[in-house]
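Participant:
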């Protein structure tokens, strides 16, 4: 009887499909299965995909019938939900099999007993994307960004806390903002730091050539159509932009403060292990994950698409020569980025939604920065800035 492996994965959200032009998650999983099957032809692999809002419920439903998957590929927040609802199991993998993964990506998922709650696969950094014909050398600081917009460069940024986190580092307020959105006690200086950041955003909205958009896909479309010259974007949109702009697409780290690029947030795709696996299926699941992290398969994924960065040591991966400038920008951005801690991923959403509502009103001038900070300080859903 042939071996069987069941893999579930999270579809790209409608917003991600809009920004990327296709469902890259399906493409990614299909490619991994194809490569694994070349060296393991006797393994039958069954795939099942779920919309983001249905992933956890779908796996729970199937799990009650003993039909849960052996592996799940998802973003970090659903992976944490699976763990908290006991729909995934920590895994003990020999360090030798994971030695290629950069510790910054792996250690956040390690328990005190050494087992892993999830295993990272790929990472998407946030970048600056622009039209070379219009921009030339990209801005390196937030002050430069404002100055260039005053000279006619049309700028687009997303209107949400995660997408705008990078701007806080440009006014040295990112640590205060981090303490605001994470369950971390604030400091007395946080009020002034956050106020400086909010004032910068509100001032940016008053500039004729700076535009805020509710969805990333709107920014990508506007850059493609020539309505914008420079946007902040996720690396998942790069293939779509390359298809439309070709050599005119420029990519750079986001502008920060002084000589340092911005500190942005990156996105991880991670593997979780199911609870219904037989010993043989668990072994196959482990083999599949280790295979997906091999330098050769990570290079294959990079060769086919410019969307992700490897989580393995980049010295082990030979980067494609195609658009080497793009890969260099992605590496620099990732070096200066951070991730939302695994244990806080699900808590970020309700806080982020509350902050987004107030942030939108503040940027659009319906609320002052002081009013926003006062309201955050009295909102029980928020940790609040320092006293």
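In our numbering, the protein residues as written are 177 to 563. Where a beta carbon is used, it is the ideal one built from N, C-alpha and C, also for glycine.
So residue 345 is in the alpha helix (DSSP H); what residue range does that whole segment cover?
Facilitator: What you label residue 345 is simply residue 169 of the chain shown in a count that begins at 1. Start and end: 337–346.
Participant: Starting from residue 420, follow its DSSP beta bridges and name the residues at the other end.
Facilitator: By 1-based counting over the chain shown, the position of residue 420 is 244. Paired residues: none, contrary to the question.
Participant: So is residue 470 in contact with chain C if we call contact Cβ pairs under 7 Å?
Facilitator: Judged by its chain identifiers, the structure shown contains no chain C, having just a single protein chain.
Participant: State the start and end residues of the unbroken alpha helix (DSSP H) segment that holds residue 455.
Facilitator: For the purposes of this step, residue 455 is taken as residue 279 along the chain shown, with counting starting at 1. Counting along the chain, the alpha helix (DSSP H) containing residue 455 begins and ends at 455–468.
Participant: Is the CB-CB distance between residue 576 and residue 430 below 7 Å?
Facilitator: Only positions 177 to 563 of the chain appear in the structure, and residue 576 is not among them; the question remains open.
Participant: Would you check if the stretch 266–275 and the stretch 288–296 touch, i.e. whether three or more CB-CB distances between them fall below 8 Å?
Facilitator: Output reads yes: the stretch 266–275 touches the stretch 288–296.
Participant: Between which two residues does the alpha helix (DSSP H) carrying residue 206 extend?
Facilitator: Along the chain shown, one-based indexing puts residue 206 at 30. That run of the alpha helix (DSSP H) goes 200–215.
Participant: Buried or exposed: where does residue 184 fall if 16 or more other Cβ atoms within 10 Å of its Cβ makes it buried?
Facilitator: The count along the chain shown starts at 1 and reaches residue 184 at position 8. Buried, by the Cβ-count rule.
Participant: Restricting to runs no shorter than 4 residues, where is the alpha helix (DSSP H) found entirely within the stretch 354–416?
Facilitator: Here the runs fully enclosed are 366–382 and 392–401.
Participant: Is the distance from the Cβ of residue 382 to the Cβ of residue 389 below 7 Å?
Facilitator: Counted from its first residue, the chain shown places residue 382 at position 206. Counted from its first residue, the chain shown places residue 389 at position 213. In this structure, residue 389 does not lie closer than 7 Å to residue 382 by Cβ.
Participant: For the stretch 230–280, list the beta strand (DSSP E) runs that are entirely contained and at least 3 residues long, ordered along the chain.
Facilitator: With a minimum length of 3 residues, the continuous beta strand (DSSP E) runs that stay inside the stretch 230–280 are 247–251.
Participant: Residues in its own chain within less than 6 Å of residue 424 by CB, not counting five upstream and five downstream?
Facilitator: Looking up residue 424 in the chain shown gives position 248. Same-chain partners within the cutoff: 307, 308 and 309.
Participant: Is the number of C-beta pairs between the stretch 335–347 and the stretch 367–377 that are closer than 8 Å three or more?
Facilitator: These segments touch.
Participant: Residue 180 lies in the beta strand (DSSP E); which residues open and close that run?
Facilitator: Taking the first residue of the chain shown as position 1, residue 180 is located at position 4. 179–186 is the extent of the beta strand (DSSP E) around residue 180.
Participant: Going by beta carbon distance, what residues of the same chain come within less than 8 Å of residue 441, once the five residues before and after it are set aside?
Facilitator: Stepping through the chain shown from its first residue, residue 441 is reached at position 265. These residues qualify, in order along the chain: 302, 338, 341, 342, 513, 514, 515 and 516.
Participant: Mind checking whether residue 334 and residue 392 have CB atoms under 7 Å apart?
Facilitator: Taking the first residue of the chain shown as 1, we reach residue 334 at position 158. Taking the first residue of the chain shown as 1, we reach residue 392 at position 216. Yes, Cβ-Cβ distance for residue 334 and residue 392 is below 7 Å.
Participant: Under DSSP, the alpha helix (DSSP H) around residue 221 begins and ends at which residues?
Facilitator: Sequence index remark: in the chain shown, residue 221 carries index 45 (1-based). Run containing residue 221: none in the alpha helix (DSSP H); it sits in the beta strand (DSSP E), 219–226.
Participant: How many angstroms separate the CA atom of residue 262 from the CA atom of residue 355?
Facilitator: Here residue 262 refers to the residue found at position 86 when the chain shown is read from its first residue. Here residue 355 refers to the residue found at position 179 when the chain shown is read from its first residue. Taking the straight line from one Cα to the other gives about 29 Å.
Participant: Given residue 242, which residues of its chain have a CB within under 6 Å of its CB, disregarding the five upstream and five downstream residues?
Facilitator: As a first step, residue 242 is located in the chain shown; it is residue number 66 there, counting from the start. Same-chain partners within the cutoff: 452.
Participant: Name the DSSP beta bridge partners of residue 449, please?
Facilitator: Within the chain shown, numbered from 1, the residue matching residue 449 stands at position 273. Paired residue(s): 247 and 265.
Participant: Return helix, strand or coil for residue 329, following the three-state DSSP convention.
Facilitator: Along the chain shown, read from residue 1 onward, the residue named residue 329 stands at position 153. Coil at residue 329, not helix or strand.
Participant: Measure the beta-carbon distance from residue 418 to residue 482 and round it to whole angstroms, keeping in mind my assumption that it falls under 8 Å.
Facilitator: Locating residue 418 in the chain shown gives position 242, where the first residue counts as 1. Locating residue 482 in the chain shown gives position 306, where the first residue counts as 1. Going by Cβ atoms, the distance from residue 418 to residue 482 rounds to 7 Å, so yes, they are a contact pair.
Participant: Any idea which residues DSSP pairs residue 307 with across the strands?
Facilitator: Locating residue 307 in the chain shown gives position 131, counting from the first residue. DSSP output for residue 307 lists 425 as bridge partner(s).
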